[in-house]
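According to the working numbering, the residues represented by the sequence shown are -8 to 350, in order.
Working notes, beginning with the structure itself.
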Amino acid sequence: MFSAKAFARPLKGFSFINSAYASVWLGFLAFQLWFLLRGEASAYTKTAGVVLTFAFALIYSFGFGAIKYYPRGWSPHQRFWGFFGLLSCLAVIAIPVFGVFAASFVTFLVAVVAFTRPSPRLMWLVPVICALGCLVLLVFGAAWEYLSLTVFYPLLAVAISWVTGAEQKRNDLQAALDRANQREKIASDVHDLLGHSLTVINLKAEVAARYLDRDPELAKKEMQAVAELAKRGLAEVRVSVAQQLGLDLDTEVDLARDALASAGVRCEMAVDAPQDTDLSQVFAWIVREAVTNVIRHANAEHCRIEVTPKRLCISDDGHGIAGADGHGIASMRRRATEVGANLSISVRPEGGTVVEVQA
-8 MFSAKAFARP LKGFSFINSA YASVWLGFLA FQLWFLLRGE ASAYTKTAGV VLTFAFALIY
52 SFGFGAIKYY PRGWSPHQRF WGFFGLLSCL AVIAIPVFGV FAASFVTFLV AVVAFTRPSP
112 RLMWLVPVIC ALGCLVLLVF GAAWEYLSLT VFYPLLAVAI SWVTGAEQKR NDLQAALDRA
172 NQREKIASDV HDLLGHSLTV INLKAEVAAR YLDRDPELAK KEMQAVAELA KRGLAEVRVS
232 VAQQLGLDLD TEVDLARDAL ASAGVRCEMA VDAPQDTDLS QVFAWIVREA VTNVIRHANA
292 EHCRIEVTPK RLCISDDGHG IAGADGHGIA SMRRRATEVG ANLSISVRPE GGTVVEVQA
């Protein structure tokens, strides 16, 4: 516990921000030092007061910056009690030197408990410290105005610690929510990318297998397309993980036409792409996902894709998927919401599904 290794490299890992934040309040110790130096105390007492004040300030400042790791190998409770105990000893020694003004140390001891305690249960120390501070005032016959040193300022330190603690918890929760949203987005992107690519690869591989003996050239062409799709899918997944993915609507429409043709679905298109880049990319994602659903689930013979600057509509004459709660549909809804658009999925009276996005 008290090995040389525990006290080695005291500044490695030191938080200068925490130390600076705590040290701002040390300026208040100058008042008690000023009253001591301008008084009639002996030179020995004044020297002792200066040494005690600077020692307290140095340990206080260092402790706030190093309590999370120093002394090394100590538990959080051991570090806290070592830090708090050392400052408490200095405060007690300062009583005969500063007299009633030694109560100034109460606020700093309470701040140590409020900000660095490893357990909420240690808050019982706050009323104990304040009570001992009031006892010092009573012993020296101080006026009631000095209660601010042992009651008001310590409670202010506790209040500040609660506010900053609540803010830190809020920030931690927000960070956790952001991480969850990011994981969901990555999962959605990977699903959209791989779901589409693997569906088309599977279709083209089946076509190649059927025509391998009857039309080797067509089979070869389809397998080359499979290889190209696999390369493209891998590249898009890498870009998506790097959070740089942006699809091109015209490219996705062309790919959709090719994928539908490979699946034996007749395709009709009318495209007037949006000028808004974000909306265009969302339309591209939804075209990709909706066409994948048509190929996978609809068993359709005909599909129509209509794009205007503010509207996207994809309809088919298949079985219908309205009301499905698949991951792809959730992804389409999320993407539409991100750009302020509304997505609706409905069943056609004559059969089939209509996916519509209105910006």
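Glycine residues also receive a C-beta, built at the ideal position from the N, C-alpha and C atoms.
Outcome for residue i when other beta-carbon atoms lying within 10 angstroms are tallied against a minimum of 16
i: D307; result: buried
i: R174; result: exposed
i: L20; result: buried
i: Q397; result: There is simply no residue 397 to check, as the chain begins at -8 and stops at 350 in what is shown.
i: S(-6); result: exposed
i: Y35; result: exposed
i: A199; result: buried
i: F7; result: exposed
i: Q272; result: buried
i: R257; result: exposed
i: F96; result: buried
i: F55; result: buried
i: F71; result: buried
i: S351; result: What the structure shows of the chain is the stretch from -8 to 350, and residue 351 is not part of that stretch, so it cannot be assessed.
i: Q235; result: Caution is warranted here: a pLDDT of 48 is assigned to Q235, below 50, making its placement in the model unreliable, and no coordinate value can be reported.
i: A233; result: Because A233 carries a pLDDT of 45, less than 50, the predicted location of this residue cannot be relied on, and the following value inherits that uncertainty. Its Cβ having fewer than 16 others within 10 Å, A233 is exposed.
Selection from the options that minimises the alpha carbon distance to residue i
i: G18; options: L251, S52, K211; result: S52
i: S179; options: E280, K(-4), F26; result: E280
i: M114; options: P87, K160, V149; result: V149
i: A321; options: V346, E297, V15; result: V346
i: T268; options: D241, I86, V117, L185; result: D241
i: L146; options: N290, A171, P118; result: P118
i: K59; options: F45, N9, I84; result: N9
i: I192; options: K212, A218, F5, N172; result: A218
i: G132; options: Q165, H288, V91, C121; result: V91
i: V41; options: A85, D169, L251; result: A85
i: C121; options: A250, A94, E208; result: A94
i: Y61; options: K176, A(-1), R161; result: A(-1)
Assigned secondary structure, residue i (DSSP; H/G/I helix, E/B strand, else coil)
i: H293; result: strand
i: S33; result: coil
i: D169; result: helix
i: R0; result: coil
i: L194; result: helix
i: E341; result: coil
i: L203; result: coil
i: S6; result: coil
i: L334; result: strand
i: Q215; result: helix
i: V278; result: helix
i: L303; result: strand
i: A252; result: helix
i: A350; result: coil
i: R108; result: coil
i: R325; result: helix
i: A133; result: coil
i: A178; result: helix
i: R287; result: helix
i: R257; result: strand
Integer-rounded CB distance, given that residue j should sit under 8 Å from residue i
i: T283; j: G319; result: 7 Å
i: G124; j: T107; result: In fact, because the Cβ distance is near 19 Å, the residues do not count as touching under 8 Å.
i: L238; j: A275; result: 4 Å
i: W214; j: I277; result: According to the sequence displayed, residue 214 carries Met and not Trp. About 29 Å; that fails the 8 Å criterion.
i: P1; j: A57; result: 7 Å
i: L43; j: L100; result: Incorrect: roughly 14 Å between the Cβ atoms, too far for contact.
i: L28; j: I50; result: L28 to I50, Cβ: 21 Å. No contact.
i: D263; j: T299; result: 5 Å
Cβ-Cβ distance between residue i and residue j below 8 Å
i: G64; j: A(-3); result: yes
i: K301; j: Q266; result: no
i: V88; j: A48; result: no
i: T328; j: I336; result: no
i: E297; j: A261; result: yes
i: A254; j: L194; result: yes
i: E259; j: R295; result: yes
i: V103; j: F75; result: yes
i: L203; j: A210; result: yes
i: T190; j: I305; result: no
i: Y137; j: L128; result: yes
i: N333; j: G309; result: no
i: S139; j: A105; result: no
i: G224; j: L185; result: yes
Chain B contact for residue i (CB, 8 Å cutoff)
i: I177; result: Given the protein chain composition of this structure (a single chain), no chain B is represented.
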